[in-house]
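A.B. asks: In the numbering used here, the protein residues as written are 33 to 843.
Every residue, glycine too, gets a C-beta built ideally from N, C-alpha and C.
Fair warning: this is a prediction, and the values are worked out from it, not measured in the lab.
Input: one structure, supplied below.
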Amino acid sequence: MASRIRAVDWNTTSLGPIEDWPIELQTTLALCLNTDLPTAIYWGDEMRLLYNDAWSPIAGEKHPWALGRPASTVWADIWDIIKPQLMAVVETGKGFRVADQMLPMLRGGRVQHTHWDYSFAPIFSAEGRVVGVFNQGTETTARLSAQRALRASEERLEYALGASETVGTWDWDIPNDSVVADARFAKIYGVERSVAASGAPIGAFFRLVHPDDLPALQSAIDEALKTGTIFSQEYRLVDADGSVRWVTAQGRVTLAPDGTPLRFPGVSFDITDRRVVEIALRESEERFRAITNSIDQMIWATQPDGHHDYYNQRWYDFTGVPQGSTDGEEWNGVFHPDDQDRAWSTWRRSLVTGEPYHIEYRLRHRSGNYRWVLGRAQPVRKEDGEISRWFGTCTDIQDIVDARDILSKSREQLAREVEERTAKLVDAQDQLRQAQKMEAVGQLTGGIAHDFNNMLAVILGSISLLEKRLARGEVDVGRYIEAAKDGATRAASLTHRLLAFSRRQPLQPEVIDPNRMIAGMSELLTRTLGEHVSVETVLAAGLWKVYADSSQLENAILNLAVNGRDAMPRGGNLTVETANSYLSDEYAQDNAVAAGQYVMIAVSDTGTGMTPEVMAKAFDPFFTTKEVGKGSGLGLSQIFGFVRQSSGHVKIYSEEGVGSSIKIYLPRHHGEVEAPVNTQGVVKQPGRGSVSETILVVEDDQRVRVFSTEALRELGYTVVEAASGEQALTLIRAGLKPTLLFTDVVMPGMTGRELADAAKVLMPELNILYTTGYTRNAVVHNGVLEGGTHLLQKPFSLDQLADKIRKVLDQ
């Protein structure tokens with residue numbers, strides 16, 4: 033508004049140029065423009081209008097036209113009301129205030145009755161003359177409308193409650209222990225009307241409560257007072273004549289900011305008639321279920337139009353479908369596709385004619401196979417002959433059908449059919465496996481190509497820029513080196529994730545106490561997930577031990593925790609829980625895992641959850657729901673591969689809008705946790721060596737051998753290199769006494785394992801460190817390193833090489 037005011041040509045108005053405005057107007061206008069309250073100024077004899085941004089909605093569709101115009105022009109529709117008010121301020125020099133003033137304002141082309149709270153105050157000149165009026169105000173139309181609606185609603189509620197003698201209301205003033213109730217409530221609880229109307233302690237209304245229900249009622253009230261949650265309780269009242277009535281009471285406590293309970297209003301219903309009917313109906317249903325579930329047949333019932341609304345337990349035992357999933361017309365989906373049209377036709381004819389239903393068809397058994405059953409149904413009729421229900425049965429007759437077919441076919445015909453069906457089944461399975469394999473290969477190669485091309489682009493681009501800078505003699509090349517190292521590191525990480533997914537990652541298992549591991553990770557999890565995520569650990573007492581790769585397990589838990597954090601963009605709770613579990617034979621068969629005792633580690637969040645479609649693809653490689661650059665799509669697939677490689681099992685439970693829980697099951701290890709290695713007393717700096725320590729590097733790839741030898745010399749070691757196992761043995765036989773043999777596993781001629789075995793014969797105390805980029809080799813069996821074997825996975829960085837060499841030498 034300040035900008036609008038400066039933009040107006042005031043020379044054409046009675047106010048004149050802004051720079052000539054009197055100090056009283058300038059001061060008042062500054063106050064107006066610098067307040068958040070809706071404020072306006074009516075100035076001069078013409079009452080010209082100036083106002084701030086907060087006041088502009090009051091002008092409505094007249095804004096910004098109203099700026100600088102006389103009040104009589106702007107408010108022509110209500111001038112007869114506000115003119116006397118403005119003139120009174122000018123003439124008397126006294127301000128005034130009105131509340132809920134009705135103003136018939138023109139809005140949207142029609143007159144609307146609006147209400148306002150506003151004030152008019154005089155603006156005096158230096159001589160004491162009123163030269164303008166200062167106005168502040170707010171519209172109260174909506175508030176008054178809401179108040180009128182509330183009063184009308186309360187009146188309607190009272191009329192509705194007054195129409196019944198079984199509904200009563202109360203209001204408990206908790207600090208003063210005074211319950212005020214209406215006459216209906218007093219009658220239900222056997223209290224005098226005058227007592228209920230004037231107020232009485234809450235104990236006065238407990239006189240008729242059944243003694244057996246009183247403790248639960250008191251406990252529910254105490255809980256509502258403590259938490260402010262909704263109170264809802266059903267209990268019995270015992271009248272003076274010994275008759276029992278049922279009531280339900282509902283209400284909610286109002287708490288002060290400090291948690292002190294203040295008021296407890298509510299309503300009570302007499303539900304005796306309903307409870308009598310419910311009890312009778314429940315007893316009748318229980319008798320009916322007991323009868324129908326005591327026979328072998330599947331029993332079902334429908335409404336007169338054929339809508340299925342009841343099945344006994346035998347139906348669900350036979351089909352294995354969830355309760356209620358075959359209600360209505362969904363039952364036909366359990367039939368064999370070739371029998372569905374015939375069954376529908378026969379059933380519709382019975383519904384139209386009222387004739388008994390009788391048919392043989394095939395039903396899908398819980399095993400997935402179809403079995404022949406005999407379906408029968410009879411209508412139940414009213415006295416006038418109208419059908420009120422249909423009751424039917426299904427009887428398993430597969431054994432009878434099989435015997436009937438065998439009798440009708442010769443032995444030779446049966447043999448031919450068995451041979452033909454077996455051949456078709458084998459062919460179909462081969463085709464399915466091939467299709468699945470090609471689909472998986474396509475998905476993997478597509479994802480790998482995309483990610484590796486990105487990483488190679490970074491590496492090659494950085495090397496090219498590095499080459500050009502060095503050629504010009506520039507030495508500011510650190511960022512290109514870091515970019516190339518980062519791309520190479522990410523490429524190595526991708527191969528490790530792929531190896532984990534395909535269960536080819538070499539594992540170094542050890543006996544682990546999961547509780548101790550998770551407790552040690554608490555600080556890392558809290559720091560990693562941030563202050564908006566509350567981390568809680570629920571560690572089971574007496575937890576069993578597991579035998580697994582500790583670094584892989586820690587990485588899996590951290591990965592799941594980060595996924596949980598990303599699913600809670602506004603923060604939430606993340607829980608890491610452990611428990612001893614037993615996987616039954618049935619569960620193990622359904623999930624392709626061995627039955628037995630397992631340690632369960634669950635990571636649960638209160639995030640957005642997953643759809644069934646996302647859950648079905650969650651473990652697929654390169655599948656991710658995160659934004660580009662926020663996830664590789666290999667996190668869960670890596671966890672899946674690691675757990676499966678460790679003979680375990682992983683399961684996802686998720687619900688949209690509620691959260692997710694990923695449970696890892698690792699086989700129980702019967703043994704004790706190995707004592708942690710005491711690293712105190714090691715005096716050498718980690719990763720550094722000395723010239724007194726000689727390392728024999730054996731690598732058939734020249735580029736890798738050059739990098740390894742130069743890196744080790746850079747770290748301070750004395751290094752001797754060999755291009756093959758035979759050359760390395762020749763050096764040892766010639767008198768070389770290396771401190772450590774650092775050898776590739778897969779080499780032409782003599783393998784690294786064969787070299788190490790031969791060298792150990794010559795030097796029994798020789799330290800051995802293997803390196804490989806290929807996991808199916810002589811030192812890894814079933815994905816697990818042999819005991820006491822040290823392996824450095826290719827590709828490796830200088831830091832990884834330094835740390836691994838040092839650990840082997842210092843063991």
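1. In terms of residues, what are the limits of the beta strand (DSSP E) holding Ala634?
2. Within this structure, are the beta carbons of Ser275 and Gly200 separated by less than 9 angstroms?
3. Given a cut-off of 9 angstroms on the beta-carbon distance, is the pair Glu361 and His339 in contact?
4. Nearest to Ser686 by alpha carbon, out of Gln670, Val675, Pro644 and Ser724?
5. Suppose the cutoff is 6 angstroms on Cβ atoms and the five residues either side in sequence are ignored; what does the same chain contact list for Thr726 look like?
6. What residue from Leu798, Thr71 and Trp75 has the CA that sits closest to Ser88's CA?
7. Assuming Glu731 and Asp789 form a contact by the criterion Cβ under 8 angstroms, report the distance between their Cβ atoms to the nearest whole angstrom.
8. Keeping to the same chain, check which residues put their C-beta closer than 7 angstroms to that of Ala252; ignore five residues upstream and five downstream.
9. Could you give the residue range of the beta strand (DSSP E) that holds Gln265?
10. Here's a check: name, in chain order, each residue in its chain whose Cβ is nearer than 6 angstroms to the Cβ of Ser210, leaving out the five neighbours to either side.
11. Note down, one range per segment and in chain order, each alpha helix (DSSP H) of at least 4 residues found wholly within the stretch 764–836.
12. Whole angstroms is fine: what's the gap from Ser582's alpha carbon to Asn591's?
13. Between which two residues does the beta strand (DSSP E) carrying Met341 extend?
14. Looking at Phe128: is its Cβ nearer than 9 angstroms to the Cβ of Val121?
15. Assuming Leu406 is part of the beta strand (DSSP E), what are its boundary residues?
16. In whole angstroms, give me the CA-to-CA distance for Ala707 and Gln832.
17. Count the other CB atoms within 10 Å of the CB of Glu753; is the residue buried (16 or more) or exposed (fewer)?
18. Helix, strand or coil, according to DSSP, for Arg38 in the structure here?
19. Straight-line CA distance for Phe672 to Val631?
20. Expressed to the nearest angstrom, what Euclidean distance is found between the alpha-carbon atoms of Gly713 and Gln843?
21. Out of curiosity, what's the CA-to-CA distance linking Glu387 and Arg374?
22. On the three-state DSSP scale, how would you describe Arg504?
23. First and last residue of the alpha helix (DSSP H) that includes Arg394?
24. Helix, strand or coil for Ala755, going by three-state DSSP, please let me know.
25. Quick check on this structure: which residue in Gln144, His145 and Gly169 has the alpha carbon closest to the alpha carbon of Ala153?
26. Leaving aside the five residues before and after Asn325 along the sequence, list all residues of the same chain whose C-beta is less than 8 angstroms from its C-beta, in chain order.
27. Using a Cβ-Cβ cutoff of less than 7 angstroms, which residues in the same chain neighbour Ile114 once the five nearest sequence positions on both sides are dropped?
28. What does a CB cutoff of less than 8 angstroms around Ser756 pick up in its chain, not counting 5 residues either side in sequence?
29. Would a C-beta distance cut-off of 9 angstroms place Glu93 and Gly164 closer than the cut-off?
30. With DSSP as the reference, identify every bridge partner of Ala611, one or two as the case may be.
31. In chain order, which continuous runs of the beta strand (DSSP E) of length 3 or greater are located wholly inside the stretch 264–341?
32. Buried or exposed for Ile800, please, with buried defined as at least 16 other CB atoms from any protein chain shown within 10 angstroms of its CB.
33. Pull the bridge partners of Ser686 from the DSSP assignment, please.
34. For a test of the three-state rule: what should DSSP assign to Val625, helix, strand or coil?
35. Just reading off the beta strand (DSSP E) that Met647 is part of, what are its end residues?
36. Do you know how far the Cα of Leu794 is from the Cα of Thr762?
C.D. replies: Answer, in terms of the structure:
1. Where Ala634 is concerned, the enclosing beta strand (DSSP E) stretches over Gly628 to Asp637.
2. No, the Cβ-Cβ distance between Ser275 and Gly200 is not below 9 angstroms.
3. Going by C-beta atoms, Glu361 is nearer than 9 angstroms to His339.
4. Relative to the Cα of Ser686, the nearest Cα in the group Gln670, Val675, Pro644 and Ser724 belongs to Pro644.
5. Apart from the 5 residues on each side of it in sequence, Thr726 sits with its Cβ closer than 6 angstroms to the Cβ of Thr750, Pro770 and Thr771 in its chain, given in chain order.
6. Ranking the options by Cα distance to Ser88, first place goes to Thr71.
7. With a beta-carbon spacing of about 18 angstroms, Glu731 and Asp789 fall beyond the 8 angstroms limit used to define contacts.
8. Once the five neighbours on either side are set aside, the close Cβ partners of Ala252 are Phe263 and Gln265.
9. Counting along the chain, Gln265 sits inside the beta strand (DSSP E) bounded by residues Ile262 to Val270.
10. For Ser210, where only same-chain residues beyond five positions count, the Cβ hits under 6 angstroms are Gly231.
11. Complete alpha helix (DSSP H) runs here, min 4: 784–794.
12. When rounded, the distance between both Cα atoms is 14 angstroms.
13. The sequence given here has Asp at residue 341, not Met. Note, Asp341: beta strand (DSSP E), His340 to Tyr343.
14. With a cutoff of 9 angstroms on beta-carbon distance, Phe128 and Val121 are scored as near each other.
15. Segment Tyr402 to Arg413, the beta strand (DSSP E) holding Leu406.
16. Because Ala707 sits at a pLDDT of 43, beneath the cut-off of 50, its placement in the model cannot be relied upon, and the following sentence gives the value as read from the coordinates. Straight-line Cα distance between these residues: approximately 25 angstroms.
17. Residue environment for Glu753: buried (at least 16 other C-beta atoms within 10 angstroms of its C-beta).
18. In the three-state DSSP reduction, Arg38 falls in the helix class (H, G or I).
19. Their backbone Cα atoms lie some 16 angstroms apart in a straight line.
20. Because Gly713 sits at a pLDDT of 35, beneath the cut-off of 50, its placement in the model cannot be relied upon, and the following sentence gives the value as read from the coordinates. Distance from the CA atom of Gly713 to the CA atom of Gln843, rounded to whole angstroms, is 12 angstroms.
21. One alpha carbon belongs to Glu387, the other to Arg374, and they sit about 16 angstroms apart.
22. In the displayed model, Arg504 falls within coil according to three-state DSSP, outside both helix and strand.
23. Where Arg394 is concerned, there is no enclosing alpha helix (DSSP H), although the beta strand (DSSP E) it sits in stretches over Tyr389 to Arg396.
24. The answer is coil: DSSP assigns Ala755 none of H, G, I, E or B.
25. Cα-wise, what sits closest to Ala153 is Gly169.
26. Its chain contains Asn344, Gln345 and Arg346 as the residues whose beta carbon lies nearer than 8 angstroms to that of Asn325, once the 5 sequence neighbours on both sides are disregarded; these appear in chain order.
27. Excluding residues within five positions, the ones whose Cβ falls inside 7 angstroms are Trp107.
28. Closer than 8 angstroms at Cβ, skipping near neighbours: Val730, Asp732, Met779, Pro780, Gly781 and Met782.
29. The beta carbons of Glu93 and Gly164 sit no closer together than 9 angstroms.
30. For Ala611, DSSP records a beta bridge to Met632.
31. Entirely contained in the stretch 264–341, the beta strand (DSSP E) runs reaching 3 residues are, in chain order, 276–284, 293–302 and 330–334.
32. Buried, since its Cβ has 16 or more Cβ neighbours within 10 Å.
33. Paired residues: Ser692.
34. In this structure, Val625 counts as coil in the three-state DSSP scheme.
35. Here Met647 belongs to no beta strand (DSSP E); instead the alpha helix (DSSP H) covers Pro644 to Lys649.
36. If you take the alpha carbons of Thr762 and Leu794, they lie about 11 angstroms apart.
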